[in-house]
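Data first, discussion second: the structure below is written as structure tokens.
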Amino acid sequence: MFISICDVLQLLVLQDWETLRSTVLSDPTLFRNIASTISACSELNGMTLLHAAVRFNPPLDMVAQMIRLCPQMTAATDCLGRTALHVAAGSNASASLIKLIALACPAACEVQDEEGKTPLHFACDSSCVLFEDHNDDENDASNQPPNHDSIRALLSYSIHAATLEDDEEMTPLEHVIMSDASLKTVKLLQTATSRGIQLKKGSKSFMTAMKSLQSLIALSYSLSFMGRKRNQGKARKAAKARAEEEAKEETGDINQTTDGRQQPLAAQMQHLQIDTAPTSGSGTTKCWHGSEFLEEMKLCIDFVVAFSGAVHDSVKRGHSDSECLTAAHDATMDKFAEAWNDSAKMESAMSYFLYYGTEYIIEGNDGLARKCAACARYFEQYIAAELHQTQAIMHWQKIKEMSIEGDTHTLVKLFRKRIPCACLNKKYDEVKTITKMGICLNPQCNNNSGLVERAKQCIAVDADV
Numbered sequence: 001m002f003i004s005i006c007d008v009l010q011l012l013v014l015q016d017w018e019t020l021r022s023t024v025l026s027d028p029t030l031f032r033n034i035a036s037t038i039s040a041c042s043e044l045n046g047m048t049l050l051h052a053a054v055r056f057n058p059p060l061d062m063v064a065q066m067i068r069l070c071p072q073m074t075a076a077t078d079c080l081g082r083t084a085l086h087v088a089a090g091s092n093a094s095a096s097l098i099k100l101i102a103l104a105c106p107a108a109c110e111v112q113d114e115e116g117k118t119p120l121h122f123a124c125d126s127s128c129v130l131f132e133d134h135n136d137d138e139n140d141a142s143n144q145p146p147n148h149d150s151i152r153a154l155l156s157y158s159i160h161a162a163t164l165e166d167d168e169e170m171t172p173l174e175h176v177i178m179s180d181a182s183l184k185t186v187k188l189l190q191t192a193t194s195r196g197i198q199l200k201k202g203s204k205s206f207m208t209a210m211k212s213l214q215s216l217i218a219l220s221y222s223l224s225f226m227g228r229k230r231n232q233g234k235a236r237k238a239a240k241a242r243a244e245e246e247a248k249e250e251t252g253d254i255n256q257t258t259d260g261r262q263q264p265l266a267a268q269m270q271h272l273q274i275d276t277a278p279t280s281g282s283g284t285t286k287c288w289h290g291s292e293f294l295e296e297m298k299l300c301i302d303f304v305v306a307f308s309g310a311v312h313d314s315v316k317r318g319h320s321d322s323e324c325l326t327a328a329h330d331a332t333m334d335k336f337a338e339a340w341n342d343s344a345k346m347e348s349a350m351s352y353f354l355y356y357g358t359e360y361i362i363e364g365n366d367g368l369a370r371k372c373a374a375c376a377r378y379f380e381q382y383i384a385a386e387l388h389q390t391q392a393i394m395h396w397q398k399i400k401e402m403s404i405e406g407d408t409h410t411l412v413k414l415f416r417k418r419i420p421c422a423c424l425n426k427k428y429d430e431v432k433t434i435t436k437m438g439i440c441l442n443p444q445c446n447n448n449s450g451l452v453e454r455a456k457q458c459i460a461v462d463a464d465v
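Residue numbers (UniProt numbering): 1 to 465.
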């Protein structure tokens, strides 16, 4: 049976989901061809099949299947600069549908259309008009008050969107007040806006702390592999020079904020000296790989910097990785007992190492990534054994395995499983064929390397044993 674009669009208007499912979605090749044809049709003004579908609040499983078959549709914008998330938010789609799209493409939450509006603006503005025939559309947001759950869903993926102004210099909070939203919803936006502004103000102190952390990790790694004092001296001089340069940059940053306002967050992020990590649907939006950098988390940041500094000091003394981690624990236990005894704070601290390790993998710096992996593994094992008590002891071999050179498979997999984004999916596909190695615990093993393939038992034992 021949299915045309008009047939598909008519099924959407009629909300005949079962027919659409059986005739189009049941054939992935046909669906992709139709989706491609719709996207390329100039008469549809850049609209994708996902744009057209979410207007009518389709079943969640159907939208999920569309996204699986054509994931690029979540980031595509029409001639007005609107994503499918804009359409869903402005068409009074269910909060579950909005959350599904935002999960597939978090960057879409901050995309501003040609009028400067984000999906959050649309969700907060009951007077927004998406289509000329909106008066005949019962799903259109202009006929409904702002939906509290939809707004909360959008904020869960981008608190920063609450601070963005449209071309009329209105924030989502101002729109929601003008739309006579419930007091509960207004308070939600007030809190989100306040936290978003706090995040901008707090980013300066965060950047300073993170630059210190990055320098410590890099210096610890370089010292681990420098056996001669000459190289150690060069490393210390380089670290000192970097510290002086960063101090000058910090002073310059303060001098540049002469109007009393903080620099834009994106500008401050450049001081990390790390390339922006790729994110789903956007090449310009920074992905934090699941970490939240808020001012109220200053304790965790200070803790991570102190812990990394203690590891660095232990590395200079020539200690092993396990000795360095244990020494860092002992050195920070008294001052940061609150962090060591709180699993939530420990998980937040671990997220910083996961963030930096992911960034280093993306950059191709596996050495620094391994240092971050060892620290993250140590925190993870500490939480399991000491706080949650889900295991009797800390499994040190799992921590030590992070230092096995050449086993990029294990390294990438560790980070990929612990971050919520898809930033390492491509890298994992590249390394998943590499043999995974582990540390052999057989005391009679005569293999000098002490390593064994994960999928095999130790076979390096003398035959007469």
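For glycine and all other residues, C-beta sits at the position ideal for the given N, C-alpha and C.
Closest residue to residue i among the options (Cα-Cα distance)
| i | options | result |
| --- | --- | --- |
| residue 192 | 128, 120 and 127 | 120 |
| residue 129 | 73, 87, 429 and 148 | 87 |
| residue 185 | 125, 168 and 378 | 125 |
| residue 12 | 57, 72 and 46 | 57 |
| residue 179 | 152, 146 and 161 | 146 |
| residue 374 | 360, 71, 399 and 361 | 399 |
| residue 390 | 381, 396 and 397 | 381 |
| residue 51 | 74, 40 and 436 | 74 |
| residue 401 | 198, 372, 94 and 387 | 372 |
| residue 159 | 168, 26, 173 and 393 | 173 |
| residue 307 | 361, 324, 395 and 177 | 324 |
| residue 55 | 312, 10 and 40 | 10 |
| residue 30 | 393, 96 and 8 | 8 |
| residue 93 | 169, 317, 388 and 53 | 53 |
7 Å Cβ shell around residue i - same chain, five flanking residues per side excluded
| i | result |
| --- | --- |
| residue 408 | 366, 431 and 434 |
| residue 100 | 60, 63 and 64 |
| residue 310 | 327, 328, 331 and 332 |
| residue 350 | 376, 379 and 380 |
| residue 339 | 299, 300, 303, 345, 346 and 349 |
| residue 135 | Caution applies to residue 135, whose pLDDT of 47 falls short of 50 and renders its modelled position unreliable; the model cannot decide the point. |
| residue 357 | 369, 372, 373, 376 and 415 |
| residue 175 | 121, 124 and 125 |
| residue 388 | 343 |
| residue 19 | 11 |
6 Å Cβ shell around residue i - same chain, five flanking residues per side excluded
| i | result |
| --- | --- |
| residue 383 | 343 and 346 |
| residue 76 | 48 |
| residue 410 | 436 |
| residue 296 | Only weak support exists for where residue 296 lies, its pLDDT of 45 falling under 50; the value from the coordinates is given anyway. The answer is none, since no qualifying residue turns up. |
| residue 171 | 165 |
Distance between residue j and residue i (C-alpha atoms, nearest Å)
| i | j | result |
| --- | --- | --- |
| residue 315 | residue 90 | 55 Å |
| residue 105 | residue 333 | 40 Å |
| residue 429 | residue 413 | 10 Å |
| residue 42 | residue 36 | 12 Å |
| residue 5 | residue 38 | 7 Å |
| residue 348 | residue 300 | 7 Å |
| residue 33 | residue 83 | 20 Å |
| residue 165 | residue 131 | 22 Å |
| residue 114 | residue 154 | 20 Å |
| residue 150 | residue 98 | 7 Å |
| residue 21 | residue 421 | 29 Å |
| residue 80 | residue 111 | 12 Å |
| residue 194 | residue 385 | 37 Å |
| residue 363 | residue 416 | 15 Å |
| residue 162 | residue 198 | 12 Å |
| residue 3 | residue 102 | 30 Å |
| residue 66 | residue 25 | 8 Å |
| residue 321 | residue 359 | 22 Å |
| residue 117 | residue 424 | 30 Å |
| residue 405 | residue 28 | 41 Å |
| residue 71 | residue 196 | 29 Å |
| residue 17 | residue 355 | 41 Å |
| residue 190 | residue 95 | 20 Å |
| residue 318 | residue 396 | 19 Å |
| residue 144 | residue 40 | 33 Å |
| residue 312 | residue 418 | 25 Å |
| residue 361 | residue 107 | 21 Å |
| residue 466 | residue 337 | Outside the displayed range of the chain (1 to 465) lies residue 466, so it cannot be described from this structure. |
| residue 516 | residue 427 | Residue 516 falls outside the range modelled here, since the chain spans only 1 to 465, and no answer is possible. |
Neighbourhood of residue i by C-beta distance below 8 Å, restricted to the same chain and skipping five residues each side
| i | result |
| --- | --- |
| residue 188 | 148, 151, 152 and 155 |
| residue 288 | 355 |
| residue 109 | 85, 102, 118, 119, 120, 154, 157, 158 and 161 |
- prompt: In the segment 152-193, which residue ranges form an unbroken alpha helix (DSSP H) of at least 4 residues, counting only runs that do not cross its ends?
  reply: 172-178
field: alpha helix (DSSP H) segments (min. 4 residues) lying fully within the segment 67-108
entry: 84-90 and 95-104
Those runs of the alpha helix (DSSP H) which lie wholly inside the segment 381-425 and span at least 4 residues: 396-400 and 408-418
- request: Taking only runs that begin and end inside the segment 305-367, name each unbroken alpha helix (DSSP H) of 4 or more residues, in chain order.
  value: 321-332, 337-340 and 343-363
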